[in-house]
Amino acid sequence: MEKAKLLKLLYQYRSFGFEYIKDFKPFISKQNQHLSCNLNEIEINVKNCHLCPLAKSRTNTVFGEGNLDANLMFIGEGPGANEDKTGKPFVGRAGMLLTKIIENVLHLKRSDVYIANIVKCRPPNNRVPTIEEVTACKPYLMEQIALIKPKIIVALGSTSYHHLTDDYDMSISKIRGEVLEYGDAKLIPTYHPSFLLRNPSAKKDVFADMLKVKKLL
Ligand code: URA
Ligand code: SF4
């Protein structure tokens, strides 16, 4: 936890524009001496990121993809094997289910929304990312949210919900479907598609949550 606190502090300094690691951006130019200011720059920073141990075992970073002007953003937990291989979020079995939900329930195209994860590198054996890994990685997601400015954020599963809100004691089965204030956006937690693959009877709950999302869009 000490390490996590220290990282949090360093990230606070960085958000003030403080370059505390001179070599973090090897391509530092005159224009980006302060904060990352567009998604491409942040994506390059993520590609070169070694701020947590997941850098060692990843094949590819998985930054996120979709409509940069999206009203709706989905946030999962972290890349799995297929995502690590391709560098794209939600492309495995859970991803196919998420795509179906977007198309068949929300009547949108996958390319209409933006899809990202709490951590950008795959945790070995798909374990849940540690607090240190999330603390190191979350500022990238916060910058993505700040630039995309979605109207609605759907937190997919408990890891996503817990780390987006710091409400660690809440169970996803209790909070799912609630419409929560999240800065300028609404946050709606729901079950993770991987959970739905194991528990198909929970699909009806996600269906109900998505109807709420659709009404608010
Ligand atoms: N599960 C996630 O949480 N994210 C992905 O990108 C894929 C599977
Ligand atoms: Fe960097 Fe995030 Fe990957 Fe860790 S998970 S190495 S913080 S991009």
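Residue 185 in my numbering is what sits at position 185 of the sequence shown, and the numbering runs on without skipping anything.
Idealized CB from N, CA, C, for every residue including glycine.
Since the model is a prediction, treat every value here as computed from it, not as a measurement.
Cutoff 7 angstroms; reference residue i; Cβ partners in own chain excluding five residues on either side
i       : result
Leu-97  : Pro-193, Leu-196 and Leu-197
Ala-296 : Given a span of 1 to 217 for the chain in the structure shown, any question on residue 296 remains unanswerable.
Asn-106 : Strictly speaking, residue 106 in this sequence is Leu, with Asn absent from that position. Result list for Leu-106: Met-210, Val-213 and Lys-214, in chain order.
Thr-99  : Arg-110
DSSP three-state assignment for residue i, whether helix, strand or coil
i       : result
Gly-87  : coil
Ile-115 : strand
Pro-200 : helix
Thr-159 : helix
Leu-68  : coil
Val-62  : coil
Leu-217 : coil
Leu-106 : coil
Thr-190 : strand
Gly-95  : helix
Leu-180 : strand
Met-210 : helix
Met-73  : strand
Val-46  : helix
Val-154 : strand
Inter-residue spacing [alpha-carbon to alpha-carbon] between residue i and residue j
i       : j       : result
Glu-65  : Leu-6   : 30 angstroms
Pro-200 : Asn-82  : 22 angstroms
Ile-188 : Asp-169 : 17 angstroms
Phe-90  : Thr-61  : 13 angstroms
Thr-135 : Leu-180 : 22 angstroms
Lys-30  : Asp-166 : Note that Lys-30 has pLDDT 41, beneath the 50 cutoff, so the model's placement of it is unreliable and no number is given.
Glu-132 : Thr-159 : 14 angstroms
Glu-143 : Asp-205 : 30 angstroms
Arg-110 : Tyr-13  : 36 angstroms
Tyr-191 : Leu-216 : 19 angstroms
Ser-57  : Thr-86  : 15 angstroms
Gly-76  : Glu-2   : 26 angstroms
Asn-48  : Ala-55  : 9 angstroms
Leu-269 : Thr-59  : Not covered by the structure: residue 269. The range shown for the chain is 1 to 217.
Leu-51  : Ala-4   : 12 angstroms
Asn-126 : Ala-94  : 13 angstroms
Asn-38  : Leu-147 : 7 angstroms
Lys-203 : Phe-74  : 17 angstroms
Asn-117 : Asn-104 : 22 angstroms
Ala-70  : Pro-53  : 31 angstroms
Contacting residues, own chain, Cβ-Cβ under 6 angstroms from residue i (five flanking each side not counted)
i       : result
Gly-92  : Gly-80 and Asn-82
Pro-129 : Gly-78, Val-119 and Pro-123
Asp-112 : Asn-67
Leu-164 : Ala-155
Residues near residue i in its chain [Cβ-Cβ closer than 8 angstroms; skip 5 each side]
i       : result
Leu-108 : Leu-72 and Ile-102
Ala-208 : Gly-177
Heavy atom of the ligand URA within 7 angstroms of residue i beta-carbon
i       : result
Pro-89  : yes
Ser-15  : no
Leu-10  : no
Leu-141 : no
Asn-77  : Here residue 77 turns out to be Glu, not Asn, going by the sequence shown. Result yes, Cβ under 7 angstroms from the ligand URA.
His-162 : no
Ser-201 : no
Asn-117 : yes
Residue i CB to nearest heavy atom of the ligand SF4 below 7 angstroms
i       : result
Glu-133 : yes
Ala-55  : yes
Val-179 : no
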